[in-house]
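Structure record follows, encoded as structure tokens.
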Amino acid sequence: MAAPAVRRADFLMALAYATDLATGQSRDFALRSCVLAMRLAEAAHLDINERRNVYHQALLRYIGCNADTHLLAAAFGDEIAMRQDLARIDLGNHAEVGEIFVRALTRHHAGATPEELAGAIERGLAEAMQVSVPILAGHCEVAQRIGARVGLSPEICDNLGKLYERWDGRGLPRGLKGDEVTLAVRLVSLAQDAIVLAEVHGTEAMQAMIAKRRGGAYEPALADLFLADAAGFLKGLDGAVDRETILALEPAPHAILDAAACEDAYVAIADMVDMRMPFTYGHSRAVAALAAAAAKHMGLPASDIRDVRWAAYTHDIGELAVPVSTWMKSKPLTVREIDTIRLHPYHGERALAALGGEGRAVAALVLRHHERLDGSGYHRYVRGSDLSPTARILAAAEAFQTAREARPYRPALSDAAAAAKLRSLVREGRLCPEAVEAVLSYAGQPARRDSAERLAGLTPREIEVLRLIAAGQTAKEVARHLEIAPKTADNHIQSLYSKIGVTTRAAAALYAVERGLVQYQISAAA
Ligand SMILES: [Fe+2]
Ligand SMILES: [Fe+2]
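For the sequence shown, the residue numbers in our numbering are 736 to 1261.
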């Protein structure tokens, strides 16, 4: 099997595509912001180290923003629409922020009476005050962890943890001020806002808004540098940006990932995608384990086993285009929501296109993961003869894993019931019998667990608590679940946080997913 040699920047572009979807940004937003930021870095005569920081900050700024998305969706409904609105305002202006929250709550409670809506807005605003700082702190910590897992330097990861900080100290969660907000962070926040504002309001109005925020959100010297030739800096940045442009902009040395590093990067993508909602934690890892074992069982070559495993890690990356509020709905979905869901394999393939030739086989599998042999799948209605053995295995593994996970609108099926469901899909001609039997034969195997020594010295009770909070439970719920006092539950949480070196629930959840501690049974029981 040929060893893949992939530029790390290719993976970063896949992640950038995914975060653009999750934040409601337009096509290639992160890539365009990278070009603009690098132009500004050059004009500011930044050294190569600082330019490297800028490059990565622009591509990956929102990489942690999937953490705790279910909390945002529960409070405000369509979180992608809200994030899109928030990107267009001055976040230091509380009145503007409040207006966006009210707009989101009004959308979320469409159909409510004026009295009900007033109550919902009052509660929503109070809740927003309470949850904002912990949620944003979680985004920062998760961004740092994902950055480290794709091999980025501590300096770059540190910058990723400051994405919401501002020049005037009115940022969150730490309220850093002036030079405490590192240069790459200052420069990229200016570049990204310039792109968004130019897109929404036009270049002229954008310049007026940047000038107004000079000394507030933006460092005066950087704002002046940009405003001296805004049109020049933005030249050619109103359309798509190709992969080669971004590869060429990366300051040397260019990191190349070998097979093991690619594996790590794919798993990092899996965790980033799955951590939007507690009921999908560990989903892609579980699908990957099932699919790879089934491919091996069927005697497929090593390269096929690797491709199907990598495709399984990333199969739902396109789901980031679908608001979490849609996945959490217990009512029937609208036609529009169904259409958005049916396009997620398309977005998955687009995201992985950044990987070029090395990622083509993986992207092709991702594109087909919801197709069925009889053409009843989506989104291209591909039929049997166009579905390779690995595509059939991925479809079977995904369907089995999803069936045995709980969803807000249905409980988890037992393994036996999920197996029966898959076999009925085989009888209907939708899933491949060999692929289904190969998946099911592996599913009977006991789950592998990490030893306690590898888990930062956590006690069995702390591991139990970690699993529950990773599955979305609050300290109070953990206490109820384990029949212990809330204070004791809180002590366990604080102790395990300090042992694993995190301060937020989101980062602890990611830690649990990384070590295989979150399994579908937890979601099912919660
Ligand atoms: Fe899936
Ligand atoms: Fe999917």
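Note that CB positions come from ideal geometry on N, CA and C, so glycine has one too.
Cβ-Cβ distance between residue 1026 and residue 1052 below 8 Å = Pairing residue 1026 with residue 1052 gives a Cβ-Cβ distance that is not under 8 Å.
Check the DSSP bridge columns for residue 953 and list the partner residues they point to.
-> DSSP lists 949 as partners of residue 953.
Would you report the Cα separation of residue 1089 and residue 1178, rounded to the nearest angstrom?
-> About 33 Å.
Check whether the Cβ of residue 1057 lies closer than 7 Å to any heavy atom of ligand 1, and answer yes or no.
-> The answer is no for residue 1057.
What residue from 1144, 1096, 1176 has the CA that sits closest to residue 1132's CA?
-> Of 1144, 1096, 1176, the residue nearest in Cα terms is 1176.
Boundaries of the alpha helix (DSSP H) in which residue 1156 is found, first to last residue | Counting along the chain, the alpha helix (DSSP H) containing residue 1156 begins and ends at 1150-1162.
With 8 Å as the threshold, decide whether the Cβ of residue 921 is near any Cβ in chain B.
-> No chain B appears in the structure shown, which is made up of a single protein chain.
Measure the C-alpha to C-alpha separation of residue 913 and residue 765 and round it to an integer number of angstroms.
-> The alpha-carbon atoms of residue 913 and residue 765 are separated by roughly 24 Å.
At least three beta-carbon pairs within less than 8 Å, the stretch 1164-1171 to the stretch 1189-1208 = Under the 8 Å Cβ criterion, the stretch 1164-1171 does not count as touching the stretch 1189-1208, having fewer than three qualifying pairs.
Can you have a look at residue 1054 and say buried or exposed, based on whether 16 or more other CB atoms are within 10 angstroms of its CB?
-> Under this definition residue 1054 is a buried residue.
Is the distance from the Cβ of residue 901 to the Cβ of residue 952 below 8 Å?
-> Yes; because the gap between Cβ atoms is below 8 Å, this pair is in contact.
Look at the alpha carbon of residue 1232 and the alpha carbon of residue 1196, and state the distance between them as a whole number of angstroms.
-> Straight-line Cα distance between these residues: approximately 13 Å.
Coarse secondary structure for residue 1112, derived from DSSP in three states = In the structure shown, residue 1112 sits in coil (DSSP, three-state: anything other than H, G, I, E or B).
Look at the alpha carbon of residue 932 and the alpha carbon of residue 941, and state the distance between them as a whole number of angstroms.
-> Here the alpha carbons of residue 941 and residue 932 stand approximately 5 Å from one another.
Using only alpha-carbon positions, find the residue among 791, 892, 1038, 1130 that is nearest to residue 1100.
-> Among 791, 892, 1038, 1130, the Cα nearest to that of residue 1100 is on 1130.
Taking buried to mean at least 16 other C-beta atoms within 10 Å of its own C-beta, is residue 870 buried or exposed?
-> Here residue 870 is buried: its Cβ has 16 or more other Cβ atoms, across all protein chains shown, within 10 Å.
Residue of 1148, 1007, 1235 minimising C-alpha distance to residue 874 = Residue 1007 is the option with its Cα nearest to residue 874.
Can residue 1124 and residue 1105 be called in contact, C-beta distance under 8 Å?
-> No, they are not a contact pair.
Beta-ladder partner(s) of residue 741, from DSSP | Answer is 992.
Excluding the five sequence neighbours on either side, which residues of its own chain have a C-beta within less than 6 Å of the C-beta of residue 990, listed in chain order?
-> The residues are 743.
Could you name the residues that DSSP lists as bridge partners for residue 762?
-> None; residue 762 has no bridge partner.
Would the stretch 882-889 and the stretch 914-931 be scored as touching if the rule is three or more Cβ pairs under 8 Å?
-> No: the two stretches stay apart, fewer than three of their Cβ pairs being nearer than 8 Å.
Taking any heavy atom of ligand 2 as the mark, which residues have a C-beta closer than 7 Å to it, listed down the chain?
-> Look at which beta carbons fall closer than 7 Å to any heavy atom of ligand 2; those residues are 1050, 1051, 1054, 1079, 1080, 1104, 1105, 1133.
Are the stretch 822-830 and the stretch 779-792 touching by the rule of at least three beta carbon pairs closer than 8 Å?
-> By the Cβ test, the stretch 822-830 is not in contact with the stretch 779-792, since fewer than three Cβ pairs between them sit closer than 8 Å.
Quick one: give me the first and last residue of the alpha helix (DSSP H) that residue 1225 is part of.
-> Element bounds for residue 1225: 1221-1235.
Assign residue 813 to buried or exposed, taking buried as 16 or more other Cβ atoms, counted over all protein chains shown, within 10 Å of its Cβ.
-> Around the C-beta of residue 813, 16 or more other C-beta atoms lie within 10 Å, and the residue is accordingly described as buried.
Where do the N-terminal and C-terminal ends of the alpha helix (DSSP H) with residue 836 fall, by residue?
-> For residue 836, the enclosing alpha helix (DSSP H) starts and ends at 829-843.
What three-state label does DSSP hand residue 749 in the structure shown?
-> Secondary structure at residue 749: helix, using DSSP grouped into helix, strand and coil.
Helix, strand or coil for residue 796 per DSSP?
-> Judged by DSSP in its simplified three-state form, residue 796 adopts coil rather than helix or strand.
Consider the C-beta atom of residue 1082 and the heavy atoms of ligand 1; say whether any pair is separated by less than 7 Å.
-> Answer for residue 1082: no, Cβ out of range of ligand 1.
Does DSSP classify residue 823 as helix, strand or coil?
-> When DSSP states are grouped into helix, strand and coil, residue 823 belongs to the coil group.
Would you say residue 1018 touches ligand 1, meaning its beta carbon is less than 7 Å from a heavy atom?
-> Within the cutoff, so yes.
Rounded C-alpha distance that separates residue 1235 from residue 800 | Residue 1235 and residue 800: Cα-Cα distance of roughly 21 Å.
Could you tell me which of 906, 903, 877, 904 sits nearest to residue 896, measuring between CA atoms?
-> Sorting 906, 903, 877, 904 by C-alpha distance to the C-alpha of residue 896 places 877 at the top.
Cβ-heavy atom distance, residue 1276 to ligand 1, below 7 Å | Here the chain has residues from 736 to 1261 only, and residue 1276 is not among them.
Any non-hydrogen atom of ligand 1 closer than 7 Å to residue 1022 Cβ | Yes, the Cβ of residue 1022 comes within 7 Å of a heavy atom of ligand 1.
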